[in-house]
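Enquirer: First the structure, then my questions, so here it is.
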Amino acid sequence: MSKELIMMLTIFVPVAGSAAVPFIGAVSARARNVVSLLLVAASVIGSFIMLPEVLSGKVITVSKTLPLGFNLVFVSDMLAVFMALVSSVIGSIIVYYSWGYIKPYRNQNEYYFMVVLFIGSMMGIVFSANLIMLFIFWEITALTSWRLIGFFREKDYVLKADKSFLVTVFGALMMLLGFVMIYGQAGSFDLAVIKQTFASSPVPNIAVILILLGILSKSATLPLHTWLPDAGVAPSPVTALLHAAVLVKIGVYVYARLFVSTINIADVWYTAVPVIAGASALVSAGAALVDTNLKRIIAYSTVSQIGFIFLGLSIGNETGIAGGLLYILMHGLAKGGLFLCAGIVEQKTHEKDITKLGGLAYTMPLTAVSFMVCSFSVMGIPPFGGFFAKYFVITGAVTAQQFWIASTFVAGAFLTIIYLLRVFALTFLGEPKGRAPKEGSFVMVSSVVALSVLSLAGGVYINYLTGPMQLTVQQMLGLLNPVRGTQTQVMSTNNDKQYVLYASNKIKGIPSRHSGTISNGVK
Amino acid sequence: MNGLLQFFIITPSLLAAAAFLSPKRIKGLREGIALVATGLNLYFALAYFGRDIYATVPWGGGLGLDFSLRLYGFSSFIIASAAAFSFLITLYSSVFMYKKEHPGQFYLYLILSVAMINGAVLADNLVVLLFFWEGLLVTLFGMIFIGHKGAYKTAMKALIIAGITDLCMMLGIALTYYLAGTLTISKIHLPMSFGASVAFIFIMIGAISKAGSMPFHSWIPDAAVDAPLPFMAFLPGSLEKLIGIYFLTRISLDMFQLSAGSWVSTVMMIVGAVTIILAVMMALVQKDFKKLLSYHAISQVGYMILGIGTAVPVGIVGGIFHMLNNAIYKSCLFLTGGAVEHRAGTTDLRKLGGLGKVMPVTFASFIVAALAISGVPPFNGFFSKELVYDGALERHWIFYFAAVAGSFFTAASFLKLGHSAFGGKISEEFKKIKEAPFAMLVPMVVIASACIVFGLYNSFPIDKLIAPVLGEHAQSHVFSGFPHNIMLVAITLVVLAGAVLNHIYGVKKTGKGLGAVDHIHHAPVLSTLYDKSGQADPYDIGMKLTGILAAGLWYIDRGIDWLYNGFSVYSAYAIAFVSKNIRGASYSAFIIWSLIGAAAVLAMMFGKS
Amino acid sequence: MNGLTLDIFLLAMMTAAAVWTVMRGSLLRAVIALALTSIALTAVMFRLKAPIAAVFELSVCAGLITVVFMSTIALTKPLTHKETLDYTKTRMKRFWLLPVIMALLGSALLYFTIPMDFNLAAPLETAKNFRNILWEERQFDLIGQILVILAGIFGVVVLFKERSKDEPQD
Amino acid sequence: MSWTLVVVPIIAVILLNLPFGEGYRKLAFPAGIFLAVLQSALVLLPIENMFPYGACPLSPFVFLSPDALGLLMILSVGIVVFSALLVGWRMTDKTSRKSDFANLIILAMAGMNGVILSGDLFSLYVFLEIVAVSSFILIAMDKNREALEGSFKYIMLSAVATILILSSISVFLMLTGSTSFSAAAAALKQGNHAAVLASGLFIIGLLIKGGIAPFHGWLPDAYTSAPAGVSIFLAGIVTKTTGIYTIIKLVSYVTGYTGPVKEILLFFGAVSALLGAFAALDQKNFKRMLAYSSISQMGYVIMGLGAGNPLGVMGAAFHLFNHAIFKTQLFVNSAAVEQETGTLNMDRLGGLSDKMPVTGATSVVALLSTAGVPPLSGFWSKLLVIVALWVAGYKIYALIAVFAGVVTLAYLLSMQRRVFFGNISASFSNIKEAGVSFTLPAVLLSTITIAAGVFFPYVFEKLIIPVQALLGLL
Amino acid sequence: MTQETAQLLRLYIVFLPLIFVAGFYCVITTRNLIRTLLGLEILTKAVTLMLALAGYLTGRTAMSQALIITLIVIEVVVIAVAAGVVLNIFRHNNSLDARNIRSLKG
């Protein structure tokens, strides 16, 4: 099958298939569960098939021109396939988990319809190379997350779902204005055309602000982040899907796709965005330390970790961006695990307040261990994947000479360790208050253990990840096939060669974070 | 390459997993596997001793991250000593942990820590070092956690302190990478510019916190009570100090040319001196056998840091030698403590007494180790302390005074400990107890004899193992043999005699061994200091500050949240009310509005032209 | 010249009748004043050479609409004489403003319109006769008129029907 | 085509009301449905050749073959009348009242077709009046207190509008000697002051009829007090055809973008978009909220028209069509809610989506399309309007359009929360899904919304691009 | 534009606005519903006059007469329906006062 067909299948099988889910659901629940998992698995398989092709540097494009610059273009490069893999793998684990979780609740058809549509539109965002297609899938995710957060029909839950929908739509509309502004100058919504028009001059700052508003609202960063903790009222596979793995990554992906690999922006943004990310990391870490609701704490921690990812991507040098991408993967896995464990705890104890929980580790050992493993990975403690991601992000910040920002993020990391340990201790250790429940159902526990094992593997087998990661970053920055006149990024693999770190023309804005060659003392 | 990696890291990890998974039914299988693992490790350490192997595996594929290991003189020495200690302690714990819960987990963490330490020492890439260095956090947390049900609080405390300091180290490593451009330790040689010194400070925080010095020490006394005893002998007692001081030396000598005059070395010396004094003062008043030993462990680290901090060859050699000696006698002391606990069931000095008669071997090894730690001449402690005194005096007398005062109090507290635990009348229920089992005695005797050997033939450790570390710094000077500065030796002897006199005075005054130091405890100025020392724990202060910071951030968050739930909702509904009622209700109001609108349209129409 | 004075007189008559309908106290007299205005309008239309329209206007407006008003007044409870008396007193308070505005507006318009010149389209020489215009050009409007009349019938049927007993008393 | 749209309904009404007794009068409903379906079929299916344009046995009528926008409007008239008849027929109780309702709807439909097809100012006025008269009667049919008040207010405002329109026609007649669009356009091109005044008066008249911001007084009362079927008809198509479509027709055939027309349209469009959206936020009655929402959405159309470039007009036309579809559907849902629960007070309603799944689901579709959330049709039309405004340089108005979008989503979400989600109150626990005459139009309309949204590229080429031709006349 | 018609037009420009003002004033200020209809009727008369004037000035009297006739027919129907509505309002609140049809607020 041609690669183009596979790409289209990866996107449109879940999107179109989701429409059929409620009807199958009317027939039989089991069939619906299996079909939804198959639909999501389709995109997993699709991305896997595309992986080797894309890793060799080829870019697959499918485009259909339409009048007035609205043409449909889908492009799959390394960044896209990476993001597709991350979200579809975690998505399928979550769909598998929700077989067990959603069984006792009503309107399950709507739930599965929305989850599959959500993952499908995530694929759409990742592969689309036209701003309007990107915007459409972006809004579909906002729409599906509204329905999913509002899954329990109590009035105040729906109020919170409405609030999150409003904030995200407000951000999205501001972003649309930014897109229209770019459309005004570039004449078309197609990313390739935009890339040419803005190759030399940076994009006007107002457009950047508007688009940033959208990105900040979707990835829940400081000024527009309060909807994420409130969305904790959703069923926990949804919070796992939304907060941890996929929804918040959309904002970050679009930042990477737009501001890192397509248009170059004024230098001020290379310090402004990390500052915002730093503030967001700190504030939400502080809030996580104070809050007592289990899922709200984990949601605040997501907001804080998103700050780290933003730091990585927005800092402007290679290590930072590679760190950001790695962080997306590791955080997705670990945070997904945390939320699913929270789901098991909540389903077993029907209690959300951690001060009233305790001593669960002794009766729910597997969940406790997975929770501990995942929180260690989020804290960035070595044998687990989070360590490398955090290291690269901090190094990126330091090599970009942003010492104060690097230290704020390290302070954020301190708070992360403290609040995650506090949650772990209060829920799983100490004296069990009341009858401590037994272990969760097999389906749920197996998915949680799978996620923790993946986090551990991410840490130990990091070498399989850093290679492709660096290729992705070089492709994003347009360095892969050296553009004439720019020195390619030479990153030696054996350590006695000279180090030349030279930013490509892409990030010429910032004095390359580290351009001096190492003269002294090289033995 | 795979030799290094294979024997020192992968096999121990696999064996650790095997030990954990092996079934409980077969008695002694787990202990056997643990012994095999540490024995193998010891064998390979000795086999590879002194060899100079360098190997790298392209691990990261890019981004400057390649898995490179390097074995050379200094690191092979550290690995050998670590292997020896871990073997002896495994032997000891095979009996001690037999009836305790979670023995499987204990051995898993034990052997994993050995693998991690080997990895950290062998690493030649800063990130790989950090990988194994922080890996120890997990095993540290695990080991304390399985102490008893309430031990998780101390485990949390240890993890938080170690985690935070390791993050500072990560920042330091990132700074070094930024300054040096490479992560390979052997390649990094940075002059002590301002940036480099900041990096040095951050990495130093990591190193000294692993070694357990003052500001980051408060988890060790709690762990002494909560954690299983072999853990105390194993990690805080010996191995952590080994790799902490090893890395401190590597950064001060290889990576950052620590010069004598620089402010960084003064900072290190101050930290060392403060740790010596405060820790030993706290140790003085302890009523529990294990807590007393743990405070001493902290104060001994002060000597090592002070030694290296002097940046003077004699001081550095003294510091490193003291690290080795301390590992020896500290683990021996902990083992004797363990034996006492194993037999008597308690380590509370108030209940203990007169055990010397019933546990002669333990008593004997306790005496040897106590004399060694107090720096009594023939034992190893004396020689390394002398070198440290020599280096300290060379820099400034205040540091020398602190060191000497430290050893005075050390001697006093060990006299008190020995007297109250082993001397005096034996109480009824302890009459029946027998000597510690053979498997526990062997490690004690071996280590005690090592104290003596390293004391008398100290030329082997100093000249063969430690001097080469200094490389070109100290070609001329020979350090081994009897300390050259006679005057220092005299002062030490006077100080020790003072300690004995003080002990006799104290015993006469209170009538029992335990009260030997009460007169110091209740001295006018000191008593107030002691009372306040309870709250002066840096960990508690830190947590209070974080609590306040978190509360502040929480209010910021709630403020932003109010912006959506409160402000925007009310203003929207206010505007809604106005726009709803502006219309009026009767048709004449509508017609008036239409006329107004018409006027506006016509005004626009004709206003233009 | 007398044509112009006649126009002035008729227009003045019509405006006066209009004002009178507005100012009159009692309703009945106001309707009669309205009929008077429509008669004055017919006269003016004759002057403007629109005879058929004038006749149509006279018969429909003066006739039919006055009848409609009379019947609605009859159906609704007419105010007793006393009520109309004090009602007229209060009316004066509210309605004195009208003549004042009209006087002001009239003088202002008089003053401004004098200098204005008008360029109107050239008059069409061939005066088409009324009949073929109505039938050829305005057929679409005729269809419109049929529709309106049909709608009107339904309106009357629906609205004026006396509420039958079984209807729910809203 | 035009012959069938105007004359055939007249014949139908006359035949329906021959005095053959009660049973015969029941035929009005099927006749109405047939006419509506015929009308939509005429636009969609290529059966025009059976009814050629303009050719009519009577005589060469002065008809304008419908332009692209006209076709779009005729289609939406057909669809809305179809659903209004279905719901209205089910909701009115007495058979005699039912047939009056159906006949009046047929008359109004004929009037609207006349408005779309009329080619000259005065016939435009005549058909506007026909639609107005029949909607007065339709509103007042129930003869309860609110209906009469709403109808009277509508009569007064509509009369004022008619007087303004007639005075403008007479001035045009005075200037050009004929009431045709082209003559009026020629006069305006010469920049004659009186012509500008006349066009101003006409636009004001149409703004009143279209219920745009300062002139919108009558609209909420008329929509809310009318019986369910009638309010569907009114909100769905009447105000659009008589008010907004006629403005587009006037701008494209007569005034063009000469003089300050753009500023007027933009200003009043923005005012009504914001005012309508905010007023809808604080409403207790379901239908009154939808009425204000219509004002706001019409503001969008006027802004789109005011942008002045082809994209703007296309956006305005497409939004007009979309609004006809999803607003009718929301009113159909409100009718279903009223039929089942008997009340429209949102504070007493709640949790209906469990008992009335189809109504709940279709209302979600309509809600999302109104708020302009992709992939539904509302998003595309709003996108065209916003892009047009931005490209034409009116950045502030684009910002207002976007902000009004957010407020729209806010009040619609609050409606969905208060009516369909939350937990059901005891008194409504035994209600069941509304009858087929409610669910059929709801499902039909939401499928149209989804189809128009998802298959936008095809809809764009077939229906919307021809509207661009309209601009040729500007 | 003959001098004489210009003179006539100036005359109408003076009188027509007066009738319009009278009509609007009556519609807005009166409290009696039937009297508002009278005001409407006055406005219609004014408009008919304008149409007639337009026809006369441009010599297209036939066209204007056709328009006037259609206008009158439509106006009659409107007034009839309005009267019907007023009648029913009267049946409800038993008075023709405009103040009791201000109930629909917000």
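Top line first, the protein sequences correspond to chains A, B, C, D and E.
By our numbering, the letter at position 42 of the first sequence is numbered 42, and the numbering carries on one by one without gaps.
By our numbering, the letter at position 165 of the second sequence is numbered 165, and the numbering carries on one by one without gaps.
By our numbering, the letter at position 86 of the third sequence is numbered 86, and the numbering carries on one by one without gaps.
By our numbering, the letter at position 131 of the fourth sequence is numbered 131, and the numbering carries on one by one without gaps.
By our numbering, the letter at position 3 of the fifth sequence is numbered 3, and the numbering carries on one by one without gaps.
Glycine residues also receive a C-beta, built at the ideal position from the N, C-alpha and C atoms.
1. Name, please, each residue of chain A whose Cβ falls closer than 9 Å to the Cβ of W219 of chain B.
2. In angstroms, rounded to a whole number, what distance separates the CA positions of F289 of chain B and G28 of chain B?
3. Using a Cβ-Cβ distance under 9 Å, would I132 of chain A count as near chain D?
4. Give the range of the beta strand (DSSP E) segment to which R652 of chain B is assigned.
5. On the DSSP bridge assignment, give the partners of N458 of chain B in chain order.
6. Tell me where the alpha helix (DSSP H) around F428 of chain A begins and ends.
7. If we count the other Cβ atoms within 10 Å of its Cβ and call it buried at 16 or more, is S107 of chain C buried or exposed?
8. Classify F254 of chain C: buried if its beta carbon has 16 or more other beta carbons within 10 angstroms, exposed otherwise.
9. How big is the Cα-Cα spacing for A574 of chain B and W593 of chain B?
10. Taking 9 Å as the threshold (C-beta atoms), are F331 of chain D and A228 of chain D in contact?
11. Would V116 of chain A and V44 of chain A qualify as a contact pair, given that the criterion is a beta-carbon distance under 9 Å?
12. Beta-carbon within less than 6 Å of D518 of chain B's beta-carbon, same chain only, minus the 5 sequence neighbours each way: which residues are those?
13. Say whether the region 382-401 of chain A touches the region 325-335 of chain A, bearing in mind that this needs 3 or more beta-carbon pairs closer than 8 Å, one atom from each stretch.
14. Do I244 of chain D and I302 of chain D have their beta-carbon atoms positioned less than 9 Å apart in this structure?
15. Excluding five sequence neighbours on each side, which residues of the same chain lie with their C-beta closer than 7 Å to the C-beta of G23 of chain E?
16. Counting only C-beta atoms, is E125 of chain C closer than 9 Å to chain E at any point?
17. Contact defined as beta carbons within less than 8 Å: I believe V393 of chain A pairs with Q305 of chain A. What is the distance between those atoms, to the nearest angstrom?
18. Nearest CA to the CA of S377 of chain D: which residue from D:V387, D:I386, D:V365?
19. If contacts are defined as beta-carbon pairs under 8 Å, then G217 of chain D and L148 of chain D qualify, I think. What distance do you get, rounded to the angstrom?
20. Taking any Cβ of chain E, which residues in the region 106-125 of chain D have a Cβ under 8 Å from it, in chain order?
21. Applying the criterion that 16 or more other CB atoms from any shown protein chain within 10 Å of the CB defines a buried residue, is D221 of chain D buried or exposed?
22. Looking only at DSSP bridge pairs, what is K64 of chain A linked to?
23. Measure the alpha-carbon distance for A19 of chain A versus F113 of chain A and round it to whole angstroms.
24. Anything in the region 263-286 of chain D with a Cβ closer than 7 Å to a Cβ of chain B? List those residues in chain order, please.
25. Just the Cα atoms here: how many angstroms apart are F318 of chain D and F403 of chain A?
26. How would you list, in chain order, the residues of chain D whose beta-carbon sits under 8 Å from the beta-carbon of M181 of chain A?
27. In three-state DSSP terms, what is Y98 of chain B?
28. Taking 9 Å as the CB-CB cut-off, is L40 of chain E touching chain D?
29. Where does V57 of chain B sit, in a helix, a strand or coil, going by DSSP?
30. V260 of chain A and F310 of chain A look like a contact to me (Cβ under 8 Å); what is the Cβ gap, rounded to whole Å?
31. What are the complete beta strand (DSSP E) segments, minimum 3 residues, inside the region 510-559 of chain B?
32. If you check the beta carbons only, do G276 of chain D and G308 of chain D fall under 9 Å apart?
Expert: With the structure as the only source:
1. Under the 9 Å cutoff, chain A gives no residues; its nearest Cβ is about 13 Å from W219 of chain B.
2. 29 Å
3. yes
4. Residue numbering for chain B in the displayed model covers 1 to 609; residue 652 of chain B lies beyond these limits and cannot be assessed.
5. Answer is none; N458 of chain B lacks a bridge partner.
6. 403-428 is the span of the alpha helix (DSSP H), which, as asked, contains F428 of chain A.
7. exposed
8. No information on residue 254 of chain C is available, as it lies outside the stretch 1 to 170 that chain C covers here.
9. If you take the alpha carbons of A574 of chain B and W593 of chain B, they lie about 22 Å apart.
10. yes
11. no
12. Only T510 meet the Cβ criterion.
13. yes
14. The Cβ-Cβ distance between I302 of chain D and I244 of chain D falls below 9 Å.
15. G39, I42, L43, A46
16. For E125 of chain C, the predicted structure reports a pLDDT of 48, less than 50, and the residue's modelled location is therefore unreliable. A value from the coordinates is still provided. Judged by the 9 Å Cβ criterion, E125 of chain C is in contact with chain E.
17. In fact, because the Cβ distance is near 10 Å, the residues do not count as touching under 8 Å.
18. D:V365
19. With a Cβ gap of about 17 Å, G217 of chain D and L148 of chain D do not count as contacting.
20. F122
21. buried
22. Bridge partners of K64 of chain A: A:L72.
23. 7 Å
24. E263, I264, L275, F278, A279, L281, D282
25. Roughly 54 Å separates the two Cα atoms.
26. W390
27. Here Y98 of chain B sits in coil by DSSP.
28. yes
29. Looking at V57 of chain B - three-state DSSP - the assignment turns out to be strand.
30. Their Cβ separation, rounded to whole angstroms, is 11 Å, which puts V260 of chain A and F310 of chain A out of contact at 8 Å.
31. none
32. no
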